[in-house]
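Everything on this sheet refers to the single structure shown next.
In the UniProt record's numbering, the protein residues as written are 1 to 167.
So this is what it looks like as structure tokens:
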């Protein structure tokens with residue numbers, strides 16, 4: 001029993017390299033000419049997922065009734081819980097103390113391109129996390145089209161609250 005104690009003490013001293021000489025991402029450095037630790041990738045670097053990302057980001061060929069119906073259905077499943085059925089940012093979660101997301105009726109989001117909504121669904125924004133692993137690319141475009149329908153169906157209000165949390 002006592003022989004194992006020194007080994008146990010040595011293992012307890014291991015900290016998985018948490019304490020090591022290194023630079024943090026945004027730290028200044030005298031090693032590089034621009035004085036930054038974080039450097040751009042070398043010229044000619046190819047992103048491994050670039051073909052898949054480019055294919056997924058292509059807009060649908062046309063806005064069809066089937067696409068709009070799919071968007072309404074997917075919006076109800078993934079978005080309405082926070083953004084509300086009309087896109088006003090008054091979904092169920094706001095009654096439970098969560099912050100209000102922005103209304104889709106505010107001037108900033110009315111002016112945003114459909115690709116903005118696709119990007120937010122893909123990457124998240126503010127306190128909204130990414131839905132990329134839950135919503136396929138075609139459904140993201142369908143949801144973006146449905147958001148446009150919600151915006152077109154409701155009048156513009158000058159004082160519409162933006163709500164939500166920006167980055």
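Where is the CB? At the ideal position from N, CA and C, for every residue including glycine.
Quantities reported herein were computed from a predicted structural model and do not represent experimental measurements.
Remark: C-beta atoms of residue 142 and residue 71 approach each other more closely than 8 Å.
Distance from residue 146 to residue 68 at the Cβ level is roughly 6 Å; contact confirmed, criterion being Cβ atoms closer than 8 Å. In chain order, 23, 35, 36 and 37 place their CB closer than 7 Å to the CB of residue 29, counting only its own chain and leaving out the 5 sequence neighbours on each side.
In the three-state reduction of the DSSP assignment, residue 28 falls in the strand class, which pools E and B.
Under the DSSP assignment, residue 76 falls in the alpha helix (DSSP H) whose first and last residues are 65 to 78. In terms of Cβ geometry, residue 89 and residue 107 do not form a close pair [threshold 8 Å]. Residue 121 is classed as buried because its beta carbon has at least 16 other beta carbons within 10 Å across all chains shown. The C-beta distance from residue 78 to residue 127 rounds to 16 Å, too long to meet the 8 Å contact threshold.
Going by C-alpha positions, residue 132 is about 44 Å away from residue 8. The C-alpha of residue 123 is placed about 21 Å away from the C-alpha of residue 25.
Judged by their CB atoms, residue 83 and residue 91 are nearer to each other than the 8 Å cut-off.
A Cβ-Cβ contact shorter than 8 Å links residue 60 with residue 138. Taking every protein chain shown into account, the CB of residue 105 has 16 or more other CB atoms within 10 angstroms, so this residue is buried. In the structure shown, the three-state DSSP call for residue 125 is strand. According to the DSSP assignment, residue 47 belongs to no alpha helix (DSSP H), since it is labelled neither H nor E. Straight-line measurement puts the Cα of residue 109 at about 15 Å from the Cα of residue 100.
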